[in-house]
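Below is one structure, written out as structure tokens; the observations come after it.
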Amino acid sequence: MQPEGPYRFTEVMGECQVGRAWAALDAQDRPLTVVVLDGPAADDSAWREAFTNAANLLHQTAGGHRYVDADFTAAQPWVSYPVEEANAATRLFQTLGMDYQSVPVGSADGGTQPSSGAPQPSWTPQPWSMTTGQPVSGAPMSGAPTSGTPMSGAPMSGAPMSPAADPAPSYDAFSETGRRIAPVPAPPKRRTWLWALLAVVLFVAGGGIGFGWGRSTAGGEAKPAPSPSLSPYEASQFSVNKAKFDGSLAVLAEPWLARMGGCASDTEVGGPKLPEDEKQHVFCRYGGLSVHFALYESGTREDAARAYRQQLAISGSALAPGLRESTRTKGGVTGVEGSYVEYAFKAGDGRPTCGIWWDRDDSVGAVYFETLCEAGVAGNWDALRDVWHRHS
-5 MQPEGPYRFT EVMGECQVGR AWAALDAQDR PLTVVVLDGP AADDSAWREA FTNAANLLHQ
55 TAGGHRYVDA DFTAAQPWVS YPVEEANAAT RLFQTLGMDY QSVPVGSADG GTQPSSGAPQ
115 PSWTPQPWSM TTGQPVSGAP MSGAPTSGTP MSGAPMSGAP MSPAADPAPS YDAFSETGRR
175 IAPVPAPPKR RTWLWALLAV VLFVAGGGIG FGWGRSTAGG EAKPAPSPSL SPYEASQFSV
235 NKAKFDGSLA VLAEPWLARM GGCASDTEVG GPKLPEDEKQ HVFCRYGGLS VHFALYESGT
295 REDAARAYRQ QLAISGSALA PGLRESTRTK GGVTGVEGSY VEYAFKAGDG RPTCGIWWDR
355 DDSVGAVYFE TLCEAGVAGN WDALRDVWHR HS
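If you count by this note's numbering, then the sequence shown holds residues -5 to 386, one letter each, in order.
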């Protein structure tokens, strides 16, 4: 059914779980794109408020989309854009965390469904309003955990990005279009006889009793077996960190385990406070980065947290030049599809903080890491992208 409004609606251009975009003509037959909130979302006050604020945010932000007219009090709230604002509908619905898809030309009755993308569960309103600028708990966690571990709001004192002994060369992990990830270089071939010799030396140095890669005889329990290519310190970090993770978070954390330090779970004394929409949260340090691993109560809660960072991506482009639009891509190490968001916001002391969010399609967990844009990475987004590329 066509929406009500001062326009003549001609066909559906695209749709998502909570609304549609229509091609329309005004009274002077000028073409417009009209984005409409409809269905159950139009009857939900939180969704109406979120739709209103998302449209206004895009309208007022540099690089956003200015609308021609809007009626946010209508039974089905709508906002109209000139046809030159080609991506307005996509960005508006993506800001709301929705999977907007184009539909075939000629679908004037709006009866089609998105042809691809995330599965379409029964409709559930996302529990946040953008009036305050925060979802239920999706805000960047720039405060320190109760243990006193410094978070991204604290000065980084020029700390290096990574403690890795063999840093990767500087490069842009994205292609010029910013939509594809550069391939991961194949690891160099290693001589297995050297590792066999090293294992013998370490066995002798350990007294030949209870020593070996990945196993401890204490209590008869096997410890995680890190890659034999790791140094003794990194192997130790791998084992210590792995004990902090399980389930979906363990999968997300795997590429990080040998490099991070100071990990603390929400279940530990002095660990990070567990947000109300999460089931588990682990905080770690990676050089000058604050790294958060979050397991959400549901896909809806994860969508809300991602959508908030997508809002920060829009409003933060002026804070951190070089910030790229959110995109769908594959992890640099795992090759698994997921959602990638670069964002920026002001820390408690007013200094810009830069962050990257990454969540894989195969879980309801996400990892995001943050640092002061200048003190942490000297305003170099490529440095953060490189970290993501090597740990995703």
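Even for Gly, the Cβ is constructed at its ideal location relative to N, Cα and C.
If you drop the 5 nearest sequence neighbours on each side, which residues of the same chain put their C-beta closer than 8 Å to that of residue i?
| i | result |
| --- | --- |
| Lys324 | Ile175, Val330, Glu331, Gly332 |
| Leu19 | Tyr1, Arg2, Thr4, Pro25, Leu26 |
| Arg322 | Glu331, Gly332, Ser333, Tyr334 |
| Thr106 | With a pLDDT of only 38 at Thr106, under the threshold of 50, the placement of this residue in the model should not be trusted; the figure read from the coordinates follows. Val6, Glu9, Val97, Pro98. |
| Lys340 | Leu313, Pro346, Thr347 |
Using only the alpha-carbon positions, how far apart do residue i and residue j sit?
| i | j | result |
| --- | --- | --- |
| Tyr1 | Trp16 | 10 Å |
| Leu90 | Ala298 | 8 Å |
| Ser230 | Ala258 | 16 Å |
| Phe277 | Met92 | 28 Å |
| Gly349 | Asp23 | 44 Å |
| Leu31 | Gln54 | 20 Å |
| Ala83 | Ser225 | 50 Å |
| Gly8 | Thr261 | 44 Å |
| Val361 | His383 | 13 Å |
| Val12 | Ala312 | 30 Å |
| Gln305 | Phe66 | 19 Å |
| Leu51 | Tyr227 | 47 Å |
| Ser269 | Ala21 | Residue 269 is actually Pro in this sequence, not Ser. So the alpha carbons of these two residues sit roughly 50 Å apart. |
| Ala40 | Asn47 | 11 Å |
| Ala338 | Gly370 | 13 Å |
| Pro266 | Pro76 | 46 Å |
| Asp37 | Ala307 | 28 Å |
| Pro34 | Arg42 | 10 Å |
| Phe363 | Ser223 | 26 Å |
| Asp355 | Gln88 | 16 Å |
| Val381 | Arg14 | 37 Å |
Out of the options, point me to the one whose CA is closest to residue i's CA.
| i | options | result |
| --- | --- | --- |
| Val285 | Arg345, Asn235, Ala68, Ser230 | Asn235 |
| Arg60 | Pro226, Val73, Ala69 | Val73 |
| Glu78 | Ser96, Gln88, Pro266, Gly58 | Gly58 |
| Asn81 | Pro71, Ala69, Tyr94 | Tyr94 |
| Ser242 | Glu228, Ala288, Leu268 | Ala288 |
| Ala314 | Ala247, Ala68, Asp376 | Asp376 |
| Trp352 | Ala301, Gln70, Arg253 | Ala301 |
| Phe232 | Ala35, Val358, Leu251 | Leu251 |
| Gln70 | Gly282, Val245, Pro(-3), Pro76 | Pro(-3) |
| Ala244 | Gly316, Gly281, Val358 | Val358 |
Over what stretch of residues does the beta strand (DSSP E) that includes residue i continue unbroken?
| i | result |
| --- | --- |
| Leu289 | 283 to 290 |
| Tyr280 | 272 to 280 |
| Gly8 | 2 to 9 |
Spell out the partners DSSP gives residue i in its beta bridges.
| i | result |
| --- | --- |
| Cys348 | Ala338, Thr365 |
| Gly332 | Thr323, Arg354 |
| Val97 | Answer by DSSP bridge pairing: none, since Val97 is not bridged. |
| Val30 | Arg14, Trp72 |
| Asp65 | Trp72 |
| Pro25 | Leu19 |
| Ser259 | Val276 |
| Gly359 | Leu289 |
To which residues of the same chain is residue i closer than 6 Å at the C-beta, ignoring the five residues directly before and after it?
| i | result |
| --- | --- |
| Arg345 | Leu366 |
| Gly202 | With a pLDDT of only 35 at Gly202, under the threshold of 50, the placement of this residue in the model should not be trusted, and no figure is reported. |
| Arg279 | Gly255, Gly256 |
| Lys238 | Cys257, Ser259, Val276 |
| Arg373 | One point to set straight first is that residue 373 is Gly, not Arg, in the sequence displayed. Cβ neighbours of Gly373 beyond the five flanking positions: Cys367. |
| Ala193 | Residue confidence is low: Ala193 scores 45 on pLDDT, short of 50, so the model does not pin down where it sits. Its coordinate-derived value is still stated next. The answer is none, since no qualifying residue turns up. |
| Pro249 | Val327, His385 |
| Ala247 | Phe239, Phe287 |
| Glu170 | Reliability of the predicted coordinates at Glu170 is poor, the pLDDT of 39 falling under 50, and the value obtained from them is presented with this limitation in mind. Nothing listed; no residue qualifies. |
| Gly(-1) | Trp72 |
| Ser320 | Gln304, Ala307, Val335 |
| Ala68 | none |
| Val29 | Ala15, Val73, Ala83, Leu86 |
Could you please give the first and the last residue of the uninterrupted alpha helix (DSSP H) stretch that includes residue i?
| i | result |
| --- | --- |
| His383 | 375 to 384 |
| Gly241 | 241 to 247 |
| Glu43 | 39 to 54 |
| Thr89 | 82 to 89 |
| Ala229 | 226 to 236 |
Output yes if chain C places a C-beta closer than 8 Å to the C-beta of residue i; else output no.
| i | result |
| --- | --- |
| Leu52 | The displayed structure is made up of one protein chain only, and chain C is not part of it. |
Less than 7 Å between C-beta atoms, sequence neighbours within five positions excluded: which residues of the same chain meet that for residue i?
| i | result |
| --- | --- |
| Ala49 | Tyr61, Ala64, Val73, Leu86 |
| Pro161 | For Pro161, the predicted model reports a pLDDT of 41, less than 50, meaning its position is unreliable; a value from the coordinates is still stated below. Excluding positions up to five away in sequence, the list is empty. |
| Glu291 | Asp271, Glu272, Lys273 |
| Leu378 | Cys348, Ile350, Val371 |
| Glu296 | Tyr290, Asp353, Val358, Ala360 |
| Gly310 | Leu317, Tyr337, Ala338, Phe339 |
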